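Residue numbers (this note's numbering): -4 to 343.
The beta carbon of each residue, even a glycine, is placed where N, CA and C say it ideally should be.
All values reported here derive from a predicted model rather than from experimental measurement.
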Ligand SMILES: Cc1ncc(C[n+]2csc(CCOP(=O)(O)OP(=O)(O)O)c2C)c(N)n1
Ligand SMILES: [Mg+2]
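Listed below in structure tokens is the structure:
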């Protein structure tokens, strides 16, 4: 009897019970789709069907809720995204399709984000306020100041969201972001997030961060909340992002969220991209979904099969698509087009 009561108590205190099953299933499907996409991209880089790979396997439990909770649209009334290169989960949750990321990996002309010119997972989606992702780390913490100033002037509930890694917080851009976001004369509506996977390429966190937790930086600013959360738990991340977004939308001031995540395939293809032994947010989420009978084992397998097939079929289609012509490099550089006086021949 005692054991049974204890079990029931445990069950009733899991915040997962507050969620609608439909939302939990949606989150699970997007997380699995994101994982299948990343695994397909890694295979492409290893098989010569693409070049450099970098992406977000291990960050699904953060990326997906972030995209689902955002106010999606174009212009100042909607949220702006200043992503780093591990944001595929958020892009998919916003509604991006796997085929477009596969196109960018393959560097084909149909890649809508960079016309086959940028690394994979470097999004640019004007109609959803997704700003161009830069391969230089941390510059997004500077550009986010700009959209946030514009949103503050404009009013409304739109916010600017920035994502980046732990090691990057050593760069000045991160600190410029904190300072600009917290000026008493004009605090800014920014959700400042840092996914802390414990590494900057191959350098581990412990030897580099005298501040302890990254969220400790919030303590320097009287009115900015700072919080560290378990980024491997999509329920915890969903609730924390929701709380932070509600605060920023209402108060029009910043919030610092540090998200502890796994890094399941190392840094990138430059470190081999093999699977490493760290906690897997999808496996842990599935254990809970099964325990609370949100999905059955059969349904779980169906989701995986469907997501794998979607990525496989998209890959087959993309393989038949064309690379850009060399001259295409001159297109899409400036909004107003390239002037005839622009020197198109290189060399000095
Ligand atoms: C300005 C700049 N400096 C250095 C690099 C090389 N670089 C690429 S990723 C990376 C490590 C970033 O680590 P972290 O911020 O923790 O993000 P993670 O890759 O772990 O998600 C570095 C140093 C770069 N791309 N840009
Ligand atoms: Mg890191």
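### Query
Just reading off the beta strand (DSSP E) that residue 224 is part of, what are its end residues?
From DSSP, the beta strand (DSSP E) with residue 224 extends over 221 to 225.
How about residue 194: is its Cβ closer than 7 Å to a heavy atom in ligand 2? Because some heavy atom of ligand 2 lies under 7 Å away, the Cβ of residue 194 counts as near it: yes.
Legend entry - CB contact check: residue 257 to chain D, cutoff 8 Å: Considering every chain present, this structure includes no chain D. It has just one protein chain.
| message | How far does the alpha helix (DSSP H) with residue 27 in it extend, from its first residue to its last? | response | Where residue 27 is concerned, the enclosing alpha helix (DSSP H) stretches over 16 to 41.
Q) At what residues does the beta strand (DSSP E) containing residue 157 begin and finish? A) Per DSSP, residue 157 belongs to the beta strand (DSSP E) from 155 to 157.
Using DSSP with H/G/I as helix, E/B as strand and the rest coil, what is residue 211?
-> If DSSP states are grouped into helix, strand and coil, residue 211 belongs with the helices.
Worksheet item: Does the beta-carbon of residue 288 have 16 or more other beta-carbons within 10 angstroms, so that it is buried, or is it exposed?
Response: Residue 288 is exposed by the Cβ-count criterion.
Worksheet item: If residue 79 sits next to residue 135, beta carbons under 8 Å apart, how far is it from one beta carbon to the other, in whole angstroms?
Response: Between residue 79 and residue 135, the beta carbon gap of about 6 Å places them in contact (Cβ cut-off 8 Å).
In this structure, how does DSSP classify residue 313 when only helix, strand and coil are distinguished?
Under the three-state reduction of DSSP output, residue 313 falls in the helix class.
- Query: Taking C-beta to C-beta, are residue 14 and residue 230 nearer than 8 Å?
  - Reply: Going by C-beta atoms, residue 14 is nearer than 8 Å to residue 230.
Would you list the one or two residues that DSSP bridges to residue 77?
Looking at the DSSP assignment, residue 77 forms a beta bridge with 157.
Heavy atom of ligand 2 within 7 Å of residue 160 beta-carbon = Yes.
Exercise. Quick one: residues in its chain with C-beta nearer than 6 Å to the C-beta of residue 24, no 5 flanking neighbours on either side, listed in chain order?
Key: Take residue 24, set aside five residues on each side of it, and the residues of its chain with a beta-carbon closer than 6 Å to its own are 298, in chain order.
key: Selected residue, minimal CA-CA separation from residue 318, among 30, 44 and 38   = Taking the Cα of residue 318 as reference, the smallest distance to any Cα among 30, 44 and 38 is reached at 44.
If you count every other CB in all the chains shown that lies within 10 Å of the CB of residue 81, and 16 or more means buried, which is it?
Answer is buried; the Cβ neighbour count reaches 16.
Report task. Report the rounded CA-to-CA distance for residue 338 versus residue 325, giving the unit in angstroms. Result -> Spanning the two alpha carbons is a distance of roughly 10 Å.
Alpha carbons only, please: which of 226, 228 and 252 is nearest the one belonging to residue 238? Looking at the Cα atoms, 252 is the closest of the given residues.
Exercise for review: Measure the alpha-carbon distance for residue 327 versus residue 321 and round it to whole angstroms.
Suggested key: Computed Cα separation, rounded: 13 Å.
| Is residue 37 near ligand 1, in the sense that its beta carbon is under 7 Å from a heavy atom of that ligand? | Look at residue 37: its beta carbon is at least 7 Å from all of the heavy atoms in ligand 1.
Helix, strand or coil, according to DSSP, for residue 11 in the structure here?
Three-state result, residue 11: helix.
Do residue 160 and residue 195 have their beta-carbon atoms positioned less than 8 Å apart in this structure?
The criterion of a C-beta distance shorter than 8 Å is satisfied by residue 195 and residue 160.
Do the CB positions of residue 275 and residue 257 come within less than 8 Å of each other?
Going by C-beta atoms, residue 275 is nearer than 8 Å to residue 257.
Residues in the same chain with beta-carbon distance under 7 Å from residue 190, minus the five sequence neighbours each way, listed in chain order, please. 54, 57, 81, 158, 160, 226, 254 and 256, listed in sequence order.
- Going by the C-beta, is residue 261 closer than 7 Å to any heavy atom of ligand 1? Incorrect: residue 261 has no Cβ contact closer than 7 Å to ligand 1.
Rounded distance between the beta-carbons of residue 185 and residue 155, thought under 8 Å:
Contact between residue 155 and residue 185 holds, with the beta-carbon distance rounding to 5 Å and staying under 8 Å.
Residue 246, buried or exposed, once every other Cβ within 10 Å from all chains shown has been counted against 16
Exposed, since its Cβ has fewer than 16 Cβ neighbours within 10 Å.
Same chain, Cβ closer than 6 Å to residue 264, neighbours up to 5 away in sequence not counted = Contacts found: 40, 47 and 48.
- Item | Residue burial classification, residue 76 (beta-carbon count within 10 angstroms, cutoff 16) | By the neighbour-count criterion, in which a residue is buried when 16 or more other Cβ atoms sit within 10 angstroms of its Cβ, residue 76 is buried.
**OP:** Return the CA-CA distance between residue 9 and residue 20, expressed in angstroms with no decimal places.
**Re:** So the alpha carbons of these two residues sit roughly 17 Å apart.
| request: Using only alpha-carbon positions, find the residue among 101, 90 and 102 that is nearest to residue 120. | output: Nearest to residue 120 by C-alpha distance, out of 101, 90 and 102, is 90.
Original post:
By Cβ distance, which residues of its chain are closer than 6 Å to residue 151, with the 5 residues on each side in sequence left out?
Top reply: Exclusion of the five residues before and after residue 151 leaves 72 as the residues of its chain whose Cβ lies within less than 6 Å of its Cβ.
Roughly how many angstroms separate the alpha carbons of residue 110 and residue 31, rounded to a whole number? When rounded, the distance between both Cα atoms is 23 Å.
#### Entry: residue 131 versus residue 295 - alpha carbon distance
In a straight line, the C-alpha of residue 131 is about 38 Å away from that of residue 295.
ask   = For residue 22, which residues of its own chain have a beta-carbon under 6 Å away from its beta-carbon, when the five flanking residues on both sides are left out?
value = Result list for residue 22: 59 and 229, in chain order.
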